[in-house]
Amino acid sequence: NAGVMQNPRHLVRRRGQEARLRCSPMKGHSHVYWYRQLPEEGLKFMVYLQKENIIDESGMPKERFSAEFPKEGPSILRIQQVVRGDSAAYFCASSRPGTREETQYFGPGTRLLVL
Amino acid sequence: DAKTTQPNSMESNEEEPVHLPCNHSTISGTDYIHWYRQLPSQGPEYVIHGLTSNVNNRMASLAIAEDRKSSTLILHRATLRDAAVYYCIRRYGGSQGNLIFGKGTKLSVKP
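Protein chains in written order, with our numbering: chain A, 1 to 115; chain B, 1001 to 1111.
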């Protein structure tokens, strides 16, 4: 059973460009979470999605950031007009519905560098 | 607010047991204690979780105090591969939603 997959693993963008990060959850998982880890800092929650629905986006910056989890295909975290402060590791996690303690399984992350 | 308190760092020798403490003095009756770890340059990895009773799995043991205000993650024989940041996280039982990570404990393992 493949784990959570994220691509690309590394992404370099110039200021003002767009970044698209993809996350494929584990088989059978329909809950996806995105977290961001700034250099030398802890992990911060960004957004929680279920298929075709955003459940909690309280950690998302108000501008330039969006996320989706379509019925088919991976979840996408999109950052428009990137700035240097967006440079970070972005982790996706997935979980299976109906599990009481809801363990989350993390992908290897996408490391975004904005030049 | 992670609502847990952990030492910033700990050191261990290889093949010796490691006890990683966590304080969660305001825990409620339905909160589970979860532990995750993050190896260098990797995503977090689930380690173990428990509610009231001590728990064991292939990775570690979790000892929960009788009053549930603290817990200890036990690695029975540390290896170099166990060097990581260990996070103790409270989760409301039955809830879905995000994990709140604190600063964790950075464990160093010396050969």
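We put the CB at the ideal spot given by N, CA and C, even for glycine.
Quick caveat, the model's predicted, so the values are computed rather than measured.
One finds His1034, Tyr1046, His1049 in chain B with Cβ atoms closer than 8 Å to the Cβ of Thr103 (chain A), taken in chain order.
Within the region 1051-1079 of chain B, the residues whose Cβ lies closer than 9 Å to any Cβ of chain A are, in chain order, Leu1051. Listed along chain A, the residues sitting closer than 7 Å to Gly1097 (chain B) by beta-carbon distance are Tyr48, Asp56. Thr1005 (chain B): not part of any beta strand (DSSP E); DSSP gives it neither H nor E. The bridge partners DSSP lists for Ile54 (chain A) are A:Leu49. Under the 8 Å criterion on CB atoms, Tyr33 (chain A) is classed as interfacial with respect to chain B. When A:Glu18, A:Asn7, A:Gly107 are compared, the shortest CA-CA separation from Cys92 (chain A) is found for A:Gly107.
Leu1099 (chain B) and Gln81 (chain A) have their C-alpha atoms some 28 Å from each other. Against Pro108 (chain A), the close residues of chain B are Ser1041, Gln1042, Gly1043, in the order they occur along the chain (beta-carbon pairs closer than 9 Å). Gly1102 (chain B) belongs to the set of residues whose beta carbon lies under 8 Å from a beta carbon in chain A. Closer than 8 Å to the CB of Gly42 (chain A) there is at least one CB belonging to chain B. Under the Cβ distance rule, Phe91 (chain A) counts among the residues neighbouring chain B, one pair being separated by less than 8 Å. If you check the CB distance, His1024 (chain B) and Ser1061 (chain B) do not come in under 8 Å.
Inclusion of Tyr105 (chain A) and Val4 (chain A) in the CB contact set at 8 Å is warranted, their separation being smaller than that value.
If you look at Gln81 (chain A), you'll find it isn't in any beta strand (DSSP E); DSSP assigns it neither H nor E. Under the 8 Å Cβ criterion, the region 45-54 of chain A does not count as touching the region 1040-1050 of chain B, having fewer than three qualifying pairs. Neighbours of Phe45 (chain A) in chain B, taken as residues whose beta carbon is under 9 Å from its own, are Gly1097, Asn1098, Leu1099, Ile1100, Phe1101 in chain order. In the DSSP assignment, Arg20 (chain A) falls within the unbroken beta strand (DSSP E) covering 19-24.
Where Pro1021 (chain B) is concerned, the enclosing beta strand (DSSP E) starts and stops at 1018-1023. Our two residues, Glu1014 (chain B) and Gln1006 (chain B), have alpha carbons roughly 22 Å apart in a direct line.
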